[in-house]
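Asker: The UniProt record's numbering applies: residue 1 is where the sequence shown begins, and numbers increase by one.
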Amino acid sequence: MPPKGTIIFATVGRLNFGFDIFSISLSSVITPHFSERRLTDGISVNFNGHFVDDSQTLAFVSERTGSAQIFLNSPQNSNPNHLPQFPNSLFHDRPILRNGRLYFVSAHEPPDKLRNSSAAVYSSLLDDPNSTVRLTPPGAVDYSPAVSQTGKFVAVAAYGSRPWEGDFQELKTEIVVFPALDPTRRAVVCKQGGWPSWSGDSTVFFHRVAADGWWSVFRQDLPERIEDLSGSDEPEPRRITPPGVHSFTPAASHNGKWIAVATRRPGTEFRHIEIFDLESNSFIKITETLNPNFHHYNPFFSPESGFLGYHRFRGESDSGESTIPHLNPVTSPVKELRMLRLNGYFPSVSPKGDLIAFNGDFDVNPGVQIVRSDGSKRWTVMKGRPAFLTVWSPTEPAVIYTSVGPIFQTARSTVQIARITFNLKDLDDRDEIPAEVKILTREDSGNNAFPSCSPDGKHLVFRSGRSGHKNLYVVDAVSGEFDGGIRQLTDGPWIDTMPSWSPDGKLIAFSSNRHDPDNVEAFSVYLVRPDGTEVRRVHVAGGDDVDRERINHVCFSPDSSWLLFTANLGGVSAEPVSLPNQFQPYGELFVARLDGSGAQRLTWNAYEDGTPAWHEDGELDLGSLRLECPAAVGDKLKGEFQEPLWITCEI
């Protein structure tokens with residue numbers, strides 16, 4: 001039987017992006033005085049644009065349909081046209097339209113094995129989606145395509161056919177060039193680099209981390225007969241942007257005079273777009289003069305360099321386009337599964353399916369909240385106390401369990417299991433409802449977290465660091481360890497964490513590094529019986545990758561026959577430096593059977609998806625949920641997200 005039901009999950013930062021594409025005229029670069037024009041319509045997120053002409057006809061990526069699709073928009077058209085290349089693909093990126101042919105990244109073809117990316121470059125005639133051809137060799141991975149000025153050549157950031165090595169800060173990609181009409185004739189022009197951009201047909205700019213630690217833009221001038229270039233002919237690239245400022249995601253002007261870059265300078269918290277003048281070797285600040293407190297991403301020039309485009313947070317307003325819905329549908333690759341992105345973390349569904357408990361932001365808005373499953377109303381039941389993970393009692397409709405204390409702490413840090421009791425009748429027009437919070441673990445017992453309730457509602461399994469190591473324990477769900485005692489379920493000098501009790505009561509799934517306790521980056525799924533016997537590992541990845549799994553947030557399907565989890569089994573879909581911070585930009589949702597077979601990927605994007613919950617589909621009231629972003633109720637969109645934490649301005 002295929003997996004069925006509704007999966008609710010979170011994505012790091014995504015619902016706060018609010019991206020739209022903007023442009024400025026470059027007629028006054030010498031004496032800068034810029035004004036912006038918004039080119040996209042405020043629906044969902046719109047990003048990674050490309051100008052088709054100097055009338056600002058725009059190809060771009062939007063998630064308005066529930067996945068990343070390609071759209072074409074002209075200034076005269078308020079309704080962008082969906083370009084249906086690979087309509088079943090849930091991930092498209094970096095569209096380029098040249099000479100009537102569309103070039104883009106898609107991830108619809110599965111890789112040869114798990115942990116490898118499925119990102120590849122394709123092209124098709126704009127008016128004939130059936131003409132689509134794959135330009136990336138079979139079994140290989142390409143990112144960030146660029147097409148030369150005449151359309152004769154294509155450059156990509158190529159990962160090749162080697163297995164994914166786990167890199168995600170600077171991907172270990174090469175700059176590869178090939179004729180657009182013969183993609184088999186690939187030439188490596190630089191062995192370290194990403195995000196290529198052409199000036200003319202013989203010069204490629206790209207970014208990479210220089211030897212001094214600064215992200216910088218480099219230039220590669222190619223021989224006259226580029227089609228004959230081989231790896232042995234690789235010339236030495238020349239560094240363009242100086243140390244002291246991070247410069248990445250370059251875009252070259254058509255005449256070779258400028259490159260536009262995103263920068264991160266010391267002393268500022270924001271990424272900005274600047275133009276680097278190649279004649280004077282100096283920067284011209286663009287977006288900092290317009291929006292000093294917004295991040296700006298991934299610049300691009302129009303064909304004649306009359307306009308410069310980029311995407312950024314669209315800004316706050318009182319319209320629906322600045323509202324984050326509580327729940328947002330996401331396209332599912334499995335017909336029998338419905339998928340919802342939650343504005344929060346660690347969801348748990350009530351026994352009747354009409355309510356969803358979750359944690360808000362861990363810093364700004366900590367605590368426990370409840371939202372109707374149709375997204376129409378939200379309440380706070382525990383406010384101001386840091387908490388993570390929620391689990392609804394399967395037998396008590398007004399009881400929620402959570403972990404109270406800071407997340408990501410050591411085994412000895414104080415985190416406690418809490419039982420929250422409230423009155424369902426209080427779920428009325430008010431925003432905050434009274435609740436009793438009862439602590440079930442001793443204050444001196446260390447890091448107690450991730451409770452999961454037995455199906456009869458009598459016991460909790462949770463992770464505790466009381467022994468000095470993080471292992472699993474079982475307590476009474478009402479009295480905790482004070483009157484009901486405590487029983488250790490697993491024991492060892494490793495990390496056992498994030499347990500989940502199966503709905504049929506027969507098994508507990510959890511994440512652990514017990515197969516390699518010295519490696520805190522590699523976690524796999526394990527199963528154990530509630531009496532502590534028959535611990536076994538679920539092998540999802542195979543071969544050499546089995547001990548490089550990073551699998552977390554595991555839970556069961558409603559019929560206890562499938563496992564749902566967050567994993568690094570899909571590789572990396574896009575260059576991480578081009579995005580806001582994602583702690584694990586390879587974290588996607590997967591399902592697999594209890595023996596690890598039948599693994600299926602559920603999400604395709606460049607974000608970190610996680611903390612999922614799985615509920616029976618028929619019990620949830622989802623009637624008013626919509627794919628489009630404008631919503632009647634929800635949070636104010638404030639654009640609060642971070643730069644990648646591994647980019648620092650002080651070297």
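Cβ atoms here follow ideal geometry from the backbone N, Cα and C, with glycine treated the same way. The structure displayed is predicted, hence computed values, not measured ones.
Going by beta carbon distance, what residues of the same chain come within less than 6 Å of Val177, once the five residues before and after it are set aside?
Answerer: Cβ neighbours of Val177 beyond the five flanking positions: Phe153, Ala155, Ala187 and Val189.
Asker: Given Glu628, which residues of its chain have a CB within under 8 Å of its CB, disregarding the five upstream and five downstream residues?
Answerer: With a pLDDT of only 48 at Glu628, under 50, the local geometry of the prediction cannot be trusted, and the value read off the model is given with reservation. Cβ neighbours of Glu628 beyond the five flanking positions: Ile43, Ser44 and Arg64.
Asker: Output the residue ranges of the alpha helix (DSSP H) runs that lie fully inside the stretch 413-487 and measure 4 residues or longer, sorted by chain position.
Answerer: Within the stretch 413-487, the complete alpha helix (DSSP H) runs of at least 4 residues are 480-483.
Asker: Using 8 Å as the cut-off, can you tell me whether the stretch 564-583 makes contact with the stretch 301-319, which would need three or more C-beta pairs spanning the two stretches below that distance?
Answerer: Segments in contact, no.
Asker: What residues in its chain sit with their C-beta under 6 Å from that of Leu645, if we drop five residues either side in the sequence?
Answerer: So the list reads Asn581, once near-sequence residues are dropped.
Asker: Assign Arg536 to one of two classes, buried (16 or more other C-beta atoms within 10 Å of its C-beta) or exposed (fewer than that).
Answerer: Classification for Arg536: exposed.
Asker: Compute the distance between the beta-carbons of His108 and Ser123, then report whether it is under 9 Å.
Answerer: No; because the gap between Cβ atoms is not below 9 Å, this pair is not in contact.
Asker: Is Arg548 helix, strand or coil by DSSP?
Answerer: The answer is helix: DSSP assigns Arg548 an H, G or I state.
Asker: Mind checking who Asn359 pairs with in its DSSP beta bridge?
Answerer: Answer is Tyr345 and Val368, bridged to Asn359.
Asker: Give me whichever residues DSSP pairs with Glu236 in a beta bridge.
Answerer: Beta-bridge pairing links Glu236 to no other residue.
Asker: Under 8 Å: does the beta carbon of Leu58 sit that close to some heavy atom of the ligand GDP?
Answerer: With respect to small molecules bound, the structure shown includes none, and the ligand GDP cannot be examined in it.
Asker: Taking C-alpha atoms, which residue in Val478, Pro499, Ala477 and Arg341 lies nearest to Ser464?
Answerer: Ser464 has its Cα closest to that of Pro499, out of Val478, Pro499, Ala477 and Arg341.
Asker: Where does Asn16 fall in DSSP's three states?
Answerer: Three-state DSSP puts Asn16 in a helix.
Asker: What are the start and end residues of the beta strand (DSSP E) that includes Asn81?
Answerer: Where Asn81 is concerned, the enclosing beta strand (DSSP E) stretches over Asn81 to Leu83.
Asker: Who are Glu174's beta bridge partners in DSSP?
Answerer: For Glu174, which the question treats as bridged, DSSP gives the partners Ala158.
Asker: Should Leu563 and Val334 be called a contact, given that it needs their Cβ atoms to be closer than 9 Å?
Answerer: The answer is no: Cβ separation not under 9 Å.
Asker: At which residues does the beta strand (DSSP E) containing Ser247 begin and terminate?
Answerer: Segment His246 to Ala252, the beta strand (DSSP E) holding Ser247.
Asker: Measuring straight from C-alpha to C-alpha, what distance separates Ala541 and Ser573?
Answerer: Rounded to whole angstroms, Ala541 to Ser573 spans 18 Å at the Cα level.
Asker: Thr395 and Gly405 - do their beta-carbons sit closer together than 9 Å?
Answerer: No. Outside cutoff.
Asker: Are the stretch 374-387 and the stretch 432-447 touching, with three or more C-beta to C-beta distances below 8 Å?
Answerer: These segments touch.
Asker: So what does Val105 bridge to, in DSSP terms?
Answerer: Beta-bridge pairing links Val105 to Asp93 and Val121.
Asker: Kindly indicate the opening and closing residues of the beta strand (DSSP E) around Asn328.
Answerer: Looking at the DSSP string, the run of the beta strand (DSSP E) that includes Asn328 is Leu327 to Val330.
Asker: Under the DSSP definition of a beta bridge, which residues are partnered with Asn46?
Answerer: Answer by DSSP bridge pairing, in chain order: Ser62.
Asker: Can you tell me which of His92, Leu126, Pro75 and Thr441 puts its alpha carbon nearest to the alpha carbon of Arg98?
Answerer: Measuring from the Cα of Arg98, the nearest candidate turns out to be Leu126.
Asker: When DSSP labels each residue in this structure, what does Val381 get in the three-state scheme?
Answerer: Reduced to three states, the DSSP call for Val381 is strand.
Asker: Between Trp214 and Phe206, what straight-line distance do the alpha-carbon atoms span, to the nearest angstrom?
Answerer: If you take the alpha carbons of Trp214 and Phe206, they lie about 14 Å apart.
Asker: Assuming Leu26 and Phe307 form a contact by the criterion Cβ under 8 Å, report the distance between their Cβ atoms to the nearest whole angstrom.
Answerer: About 6 Å separates the two Cβ atoms, so the contact holds.
Asker: Do the CB positions of Tyr310 and Asn298 come within less than 9 Å of each other?
Answerer: A contact, by the Cβ cut-off of 9 Å.
Asker: Report the residue from Ser118, Ala522, Gly543 and Ser305 whose alpha carbon sits nearest the alpha carbon of Ser161.
Answerer: Among Ser118, Ala522, Gly543 and Ser305, the Cα nearest to that of Ser161 belongs to Ser118.
Asker: Mind checking whether His459 and Val437 have CB atoms under 9 Å apart?
Answerer: No, Cβ-Cβ distance for His459 and Val437 is not below 9 Å.
Asker: Nearest to Gly166 by CA position, among Val554, Glu640 and Asp547, is which residue?
Answerer: Comparing Cα positions, the closest option is Asp547.
Asker: Quick one: Cα of Pro179 to Cα of Arg185, how far?
Answerer: So the two alpha carbons sit approximately 7 Å from each other.
Asker: Determine the closest residue to Asp363 out of Ser348, Phe388, Ser350 and Val371, with distance taken between C-alpha atoms.
Answerer: Nearest option by C-alpha distance: Phe388.
Asker: In the DSSP output, what is Arg312 paired with across the bridge?
Answerer: Partner(s): Asp20 and His296.
Asker: Evaluate the contact criterion for the stretch 589-604 versus the stretch 551-571: three or more CB pairs, one atom per stretch, below 8 Å.
Answerer: Because the criterion of three Cβ pairs below 8 Å is met, the stretch 589-604 and the stretch 551-571 touch.
Asker: What are the boundary residues of the beta strand (DSSP E) that residue 659 is part of?
Answerer: Given a span of 1 to 651 for the chain in the structure shown, any question on residue 659 remains unanswerable.
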